[in-house]
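Student: Sharing a structure, written as structure tokens. Questions coming.
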Amino acid sequence: MTAPDGDASPSAPAIEGRGLVKTFGPIRAVDGVDIALRPGRIYGLLGPNGSGKTTLIRLLVGLARPSAGEARLLGHRVPSREMLARVGYMTQADGIYPELSVWENVRFFAGLYGSFDRTRLVETLRVVDLADRLGTPALQLSGGMRRRLSLACALVHRPPILVLDEPTVGIDPALRVQFWRHFRALAAAGATLLVTSHVMDEADRCDELLFILAGRIFARGTSAELRQRAGSENLEEAFLRFSGDGGDVAQPIVSRGGAA
Amino acid sequence: MSRRRVLAVVRRIVAQFRRDRRTLALIFVVPIVISALLGWVLRDQQTAAVRLGIVNQAGPAGQRIADALLAPGAADQAGSAGAVALPSSTIPESTARSELANDQLDVVLVIPADVAGGLASGHGVRLIVITQGANAPVEGGQVAQVQQFLARAVSSIVPGSPGLPTIEHETVFGSPSSDTFDALSPFFIGFFVYFLVFILTGISFLRERMGGTLERLLATPVTKGEIVLGYTLGFGIFATLQVIVLMAVMLIRIDVPALGPFGAFTLGLAVPSVGSPLLAFLIAMLLAIGAVSLGIFISTFARTEFQILQFIPIVIVPQGLLSGIFWRIDTLPALLQPLARVLPLTYAADGLREVMIQGRDLSAAGVQLDLGVLVGIAALFVVLAAATIRREVA
Ligand SMILES: Nc1ncnc2c1ncn2[C@@H]1O[C@H](COP(=O)(O)OP(=O)(O)O)[C@@H](O)[C@H]1O
Ligand SMILES: [Mg+2]
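In order, the protein sequence lines correspond to chains A and B.
Each position in the first sequence, counted from 1, maps to that position plus 6 in my numbering.
Each position in the second sequence, counted from 1, maps to that position plus 1 in my numbering.
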């Protein structure tokens, strides 16, 4: 590791990005992002398709190297293999093996994290409501079930940091409620969650929102704060208002409140 | 390197293929079916009688041999009636050559001037056969038929049995080739394994790349080395089983009796292998290891499974053609020779042939060279494969 590692003190941000830039040729997929996300909270990264959500979280997790700036997890500079062991990453694509059964999928990922514990795996599958489907090949699962299996695979090692890329796409409303209940429980236990979405109606469930467009975070705050500042009842309108007039980019408002 | 993580990858690959019945069939049934087909076609084909011409250059001594061969019933006595159509008398060499060239004869047997000396000194009989040289595999079969005829005939003609006559094969056109099917069989083992392992790994890894599971793998602490090793071992299991099946099919011979409307046929090729099966197995496995990494490497350049198949004519077929089995490497165009000498199948085919047909072992320099090059190529492919797994931490 090149840079000195910070201390992972309790008050330190769990996920941190400073001056993050990622370019693909002429495209600036991430264009100067500074964030510091604290433990025990759920952060929502909201923006339309192509706004840079996936690219940003890949930088934060250490799956891609930034063109400029740096990212830290628990105070440790990434990319770092040690930190990969402490992150659960649910990819936008399901990222599971269709030929394998539900059980074989979670057991495989648990094996990669070196944390195979049968009871814990079954418990994880119970959370996503797949405990009675252990032998079913993933191929035969419905889209929503596959999404749940994908989430389970990100949870097998009980990571303190969870990064979930559009986790609730294709999931029915009842199960969505269940997902969020579980996310809340994880946060209450001290985990840090970063959840991306391009649907605004999930935003109210997050402790804090980050609006992203064209690789820039142009507004942040709680759902209520953002709506109030935009003078709108509706987050979608708030998003358009901020993005339309250049938003808060000049004066980013970092929420420090504990309101949820 | 964590054994647990490598094992997790290996176990996953095995589980994936256990579910995939059709691919399992591809691995095990297809080689058996194709080998049986080849054995059927190449071994049990309707053989037309070989039209033999005899040229005597050894005066009265040679004439005695020729007369004995031409004596009525010699062919029957040799137990291969119909396999060889005998002429009524010897002919001059020039006539023989022109009749060969005009397709009036298939094989000309020359009794050379020194045959009497060979007989007297007890060094054995050396005979020369000439064929047209236009179709090596067919002519190889015809020479073998003549050889069988001679083997039986000569021992009954010459008292005191001087042993089998040595046959020198010449051709009217081109150069003689000793490639009968026996010589092809080691190549088939190598080719099947290489082809299937390459295709299966290529498609598996492509799915890994396109399905988002590779992205997910790379978000775990698994190392690139562990992934490549896990793949190599996982596919190594299937390659091992496949090589065992293939070698069994090549080496055994089961005669299936006639049943109802179906005629009798032969299963297995009964290749008379003399070398160590273990050493042959080692060579095939080294080839397979290279093929796993080649598949991973190639998957970078494909977006769909169909595009993996497009690499067959690019990376597989030329290797087969240039491997020295169909045409010897030193007879290839000068431009292609260096290419042939860097392809792994060339060395595997050569090594398998040396071990299985020529019975060489590890002490032979040729076998050592083949093994060394295969290890080097496998190592190079492993490095290339790891390099295509793009990641910020190793
Ligand atoms: N590997 C890549 N190569 C080139 N361009 C990319 C790559 N990854 C993302 N991009 C581009 O970066 C931008 C942001 O993409 P992405 O982060 O996937 O957005 P989101 O996840 O918000 O939909 C898009 O314009 C996309 O085309
Ligand atoms: Mg995305």
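Ideal placement from N, C-alpha and C gives every residue a C-beta, glycine not left out.
Would you tell me roughly how many angstroms separate the C-alpha atoms of VAL15 of chain B and PHE150 of chain B, rounded to the nearest one?
Tutor: In a straight line, the C-alpha of VAL15 of chain B is about 52 Å away from that of PHE150 of chain B.
Student: Got a sec: does ligand 2 put a non-hydrogen atom nearer than 6 Å to the Cβ of THR24 of chain B?
Tutor: Outside the cutoff, so no.
Student: Using a Cβ distance threshold of 8 Å, determine whether the stretch 301–314 of chain B contacts the stretch 252–260 of chain B, with at least three qualifying pairs required.
Tutor: Result no; under three Cβ-Cβ pairs closer than 8 Å.
Student: Assign GLN133 of chain B to one of two classes, buried (16 or more other C-beta atoms within 10 Å of its C-beta) or exposed (fewer than that).
Tutor: GLN133 of chain B comes out buried.
Student: Please classify GLN1 of chain B as buried or exposed, where buried requires at least 16 other C-beta atoms within 10 Å of its C-beta.
Tutor: One cannot answer for residue 1 of chain B here, as it falls past the ends of chain B, which runs 2 to 395.
Student: Just to check, is the beta-carbon of SER274 of chain B closer than 6 Å to a non-hydrogen atom of ligand 1?
Tutor: Outside the cutoff, so no.
Student: With 8 Å as the limit, tell me which residues of the stretch 210–224 of chain B have their beta carbon closer than that to any beta carbon of chain A; keep them in chain order.
Tutor: If the cut-off is 8 Å between Cβ atoms, the stretch 210–224 of chain B has GLY212, GLY213, THR214, GLU216, ARG217, LEU218, LEU219, ALA220, THR221, PRO222, VAL223, THR224 near chain A.
Student: Taking only beta-carbon positions, decide if ARG71 of chain A is within less than 7 Å of chain B.
Tutor: Answer yes: the Cβ-Cβ gap between ARG71 of chain A and chain B drops below 7 Å somewhere.
Student: If I follow the unbroken beta strand (DSSP E) through ASN57 of chain B, where does it start and stop?
Tutor: ASN57 of chain B -> beta strand (DSSP E) spans 51–57.
Student: Under 9 Å between beta-carbons, which chain B residues line up against ASP37 of chain A? List them in chain order, please.
Tutor: Those do not exist, as ASP37 of chain A stays about 20 Å from chain B at its closest Cβ, beyond 9 Å.
Student: Should the stretch 56–71 of chain B be regarded as contacting the stretch 230–245 of chain B, the criterion being three or more beta carbon pairs within less than 8 Å?
Tutor: Judged by Cβ distances under 8 Å, the stretch 56–71 of chain B makes no contact with the stretch 230–245 of chain B, as fewer than three pairs qualify.
Student: Looking at THR241 of chain B and ligand 2, is the gap between the Cβ and the nearest heavy atom below 6 Å?
Tutor: Not under cutoff, so the answer is no.
Student: May I have the straight-line CA-CA distance separating TYR348 of chain B from THR389 of chain B, to the nearest angstrom?
Tutor: Their backbone Cα atoms lie some 25 Å apart in a straight line.
Student: With 16 as the cutoff for other CB atoms within 10 Å, does SER95 of chain B come out buried or exposed?
Tutor: Counting Cβ neighbours within 10 Å, SER95 of chain B comes out exposed, since fewer than 16 surround it.
Student: Whose Cβ in chain B lies nearer than 8 Å to the Cβ of GLY93 of chain A?
Tutor: Note on identity: in this sequence residue 93 of chain A is Val, with Gly being the wrong assignment. The contacting residues are ALA220.
Student: To the nearest angstrom, report how far apart PRO339 of chain B and ILE284 of chain B are at their CA atoms.
Tutor: Going by the C-alpha atoms only, they are around 22 Å apart.
Student: Please confirm whether PRO19 of chain A and LEU43 of chain A have their CB atoms less than 7 Å apart.
Tutor: Contact flag set, yes.
Student: Could you tell me which chain A residues have their CB closer than 7 Å to the CB of ALA16 of chain B, listed as they occur along the chain?
Tutor: Correct list: LEU106, GLU110.
Student: How about THR60 of chain A: is its Cβ closer than 6 Å to a heavy atom in ligand 4?
Tutor: Among the ligands modelled here, namely ligand 1 and ligand 2, ligand 4 does not occur.
Student: Extract the residue ranges of the beta strand (DSSP E) inside the stretch 326–384 of chain B, only unbroken runs of 3 or more that lie entirely within it.
Tutor: Entirely contained in the stretch 326–384 of chain B, not one beta strand (DSSP E) run reaches 3 residues.
Student: Measuring alpha carbon to alpha carbon, tell me which of A:LEU69, A:GLY150, A:ARG124, A:LEU52 ends up nearest ASP135 of chain A.
Tutor: Selected option, being the one with the closest Cα: A:GLY150.
Student: Can you tell which of B:ALA386, B:VAL30, B:ASP21 has the C-alpha that lies nearest to the C-alpha of THR224 of chain B?
Tutor: Selected option, being the one with the closest Cα: B:ALA386.
Student: By DSSP, does ASP100 of chain A sit in helix, in strand, or in coil?
Tutor: Residue state, collapsed to three classes: coil.
Student: Rounded to a whole number of angstroms, what is the C-alpha to C-alpha distance between ARG153 of chain B and VAL10 of chain B?
Tutor: Looking at the two C-alpha atoms, the distance is approximately 59 Å.
Student: Does DSSP classify HIS82 of chain A as helix, strand or coil?
Tutor: Note: HIS82 of chain A maps to strand in three-state DSSP.
Student: ARG391 of chain B to THR125 of chain A, Cα distance in whole Å?
Tutor: Approximately 34 Å, taken between the alpha carbons.
Student: Helix, strand or coil for ALA265 of chain B, going by three-state DSSP, please let me know.
Tutor: Residue state, collapsed to three classes: coil.
Student: Taking the alpha carbon of VAL85 of chain B as the point to measure from, which residue in B:PHE189, B:GLY142, B:ILE129 has its own alpha carbon closest?
Tutor: For the residues B:PHE189, B:GLY142, B:ILE129, the minimum Cα distance to VAL85 of chain B belongs to B:GLY142.
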